[in-house]
Structures are given as structure tokens and as C-alpha cells.
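Residue numbers (my numbering): 8 to 298. To start, the structure itself, in C-alpha cells.
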Amino acid sequence: MKPAAFEYHAPTTADEAVTLLAELGDEAKIIAGGQSLVPMLALRLAVFDHLVDLRKLEELRGIETRGDAVWIGAGTTHAAVGRDPDIRRDVPLLHRATPLIGHFQIRNRGTIGGAIAHADAAGEYPAVALTLDAQMHTVSPREQRTIPAAEYFTGMWSTAMEPDELLTGITFPVWRGRAGFAIEEFARRAGDFAMAGAVVAVRLDADSRIERVALGLIGLAPTPLRATTIEAELIGRPAAEVAAAEIGNSVTAGSSSVPADIHGSADYRRRIGAVMVARAWTRAVEEASND
């Protein structure tokens, strides 16, 4: 099939882009890398009268270290994120998530801002952003905003952004000290969206007790999830005394609204998720312990 007819717009600045969004309203849709939107348009699962292309917005591209955080422009491609040395050093979880996104053709075209704004619960970048307490920076004709990741993802493919807002960048805090990170996911085929997955970040103190921890889930709800209750219970415990299987079962047991389809029941996905959490936990703790 082919997309329905639409009018194409190619603004050269963020201000021009949000002005278009405000003028065109619900009839307009932003297109960044197009790796999610174009297939939906081609199948006519989505129809818009106007597409606002962000490819000419140089201000949305780039990676900068800013104090104890790393800023990534929303228009930066997955491939650029994956090969950046600062990301690899300061936000290793993001670096390790990148190769799991689709295939290299998708990573060469898709953008981090597009992936996060698309807000797919089975996507790697939204889960990493939530797990690491990233901040989303937006602009509209009215104001500039910073939205914490915990408030950003509001439902299936939906965010806290207004229709005339544009995601301009994402800031990821840098974890210092004895920290370890891991991401594990299960997909039917390489490049497919994960049926279930887990993102783990953990920091240990000098006595190898858990000082800081973040547990994220992929594909087990309409939005990315954080196991905040389990995280709080883990603080202060000796890492060596925490059983990986215990963490996996505890985290996934609290996940409600697990999706089910022809590929697997909710219970099956929950069991896979528990295994992914256990694996990611083991790897992250091992890395932190060896630091």
C-alpha cells in the first residue's frame, strides 16, 4: 500500500517547526527518522494531512557532556549514539541498548528523539531513559519545558507533550562510583521488538552494599516501567545476599496490564521478564563489584 496524500513541510529551525505544529493542529505529524511512522503511513494505520520533517534542524543534533550529565539532541541518530565515546564511557546503558534496536539500516536513520517520543513500551531507549531518570527538553510557541522521564510516558504511544511541542533533547545523568549496568531482552528474531526485557543499573558502596539501584522493564505494560518499590527495598542490602531469581520474580510479579497476543500470553511474557531481570541483575552486580 501507499500512504494517503499529505502536504510536506521542511522547517529549518525549531521555532519554525513548532509554529507549524501550532498552526496545523491535529492534522500535522512530526517525522524524524521515520522508521516507525513511515510503515504506519504506508499501511494506512495512520493518516495525516501534513508531515513536518525535522531533518534540516541541525540544532537538534549532537552530543555534549554537561557537568554530571550528557545531553543528546533529539535528532541524533541511533548509530551516532552507539559509536560516541562519551556515551560509551558516561552512559554505558544507552550504549549497550543501541545494538538491540532493529537492524543497522534502522539505526542509521532512526533518531533517539523519535524513539522516545514514539513511547513504545517495547522500545529500548524509552526504558533506558526511564531507568536512568533522564529529562526530556521540549519547546513550543509558548515556552520551553523540562519533563522528567517519570512523568513523560503517559500511556501506549503517548507522552506528556502537547500537540504543538517539539522534543529538542534528552539529558542523561552520569552514574559515578562502583556502578554496573546491563540490559537483557528476549525477541523472536534478531531485530524484532522484545517480547520482554529488563534494564538494570546498580551502584555499590565501599562495603558492597547497594547504594543506588534502578530496575526497568521492557514490553510488560503499555508504557516502560520502573520497579520503584523493589528498588527501595534493595537499598542498603549486601549485593552478595540478593538472589537474582528473587529480584526477577519480585519485579515482574508487580507488573500489571502485561500485553498478550499471538506471540505469547501475559503469563508467558511475565515469566520471560523474570528471567531477563535476573540475568541483567547478575551482570550489573558483577560489573559493579569488579569496579
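Ideal Cβ placement from N, Cα and C applies to all residues, glycine included. Just so it is clear, the structure is predicted and the values come from calculations on it, not from any experiment.
For the 9 Å CB-CB criterion, I254 and V284 form a contact.
For P18, the closest C-alpha among the options E158, G80, V59 is that of V59. DSSP, read as helix, strand or coil, puts D298 in coil. Beta bridge pairing from DSSP links Q151 with V146. Taking every protein chain shown into account, the CB of Q151 has fewer than 16 other CB atoms within 10 angstroms, so this residue is exposed. Around the C-beta of Q112, fewer than 16 other C-beta atoms lie within 10 Å, and the residue is accordingly described as exposed. Every alpha helix (DSSP H) stretch that sits fully inside the stretch 42-129 and reaches 4 residues is listed by chain position as 44-49, 85-90, 92-97, 99-104, 111-116, 119-125.
In the DSSP assignment, A203 falls within the beta strand (DSSP E) that extends over 203-211. Judged by DSSP in its simplified three-state form, P133 adopts helix. Shown here, R185 sits in a strand according to DSSP, grouped into three states.
Contact annotation: E34 and F55 have beta-carbon atoms nearer than 9 Å. In the three-state reduction of the DSSP assignment, G261 falls in the coil class, being assigned neither a helical nor a strand state. Taking the Cα of A186 as reference, the smallest distance to any Cα among L174, N297, T178, A49 is reached at N297.
Around the beta carbon of D97, 16 or more other beta carbons sit within 10 angstroms, so the residue counts as buried. In the structure shown, L27 adopts helical secondary structure according to DSSP, grouped into three states.
DSSP, read as helix, strand or coil, puts T19 in coil. Comparing C-alpha distances from I119 to each of V77, G176, H110 shows the shortest one belongs to G176. A203 and A250 have their C-alpha atoms spaced approximately 20 Å apart.
Secondary structure of D140 (DSSP, three-state): coil. Taken through DSSP and simplified to helix, strand or coil, D268 comes out as strand.
Following the DSSP letters along the chain, one finds I237 inside the alpha helix (DSSP H) bounded by residues 235-241. Straight through space, the alpha carbons of G109 and R195 are spaced by roughly 12 Å.
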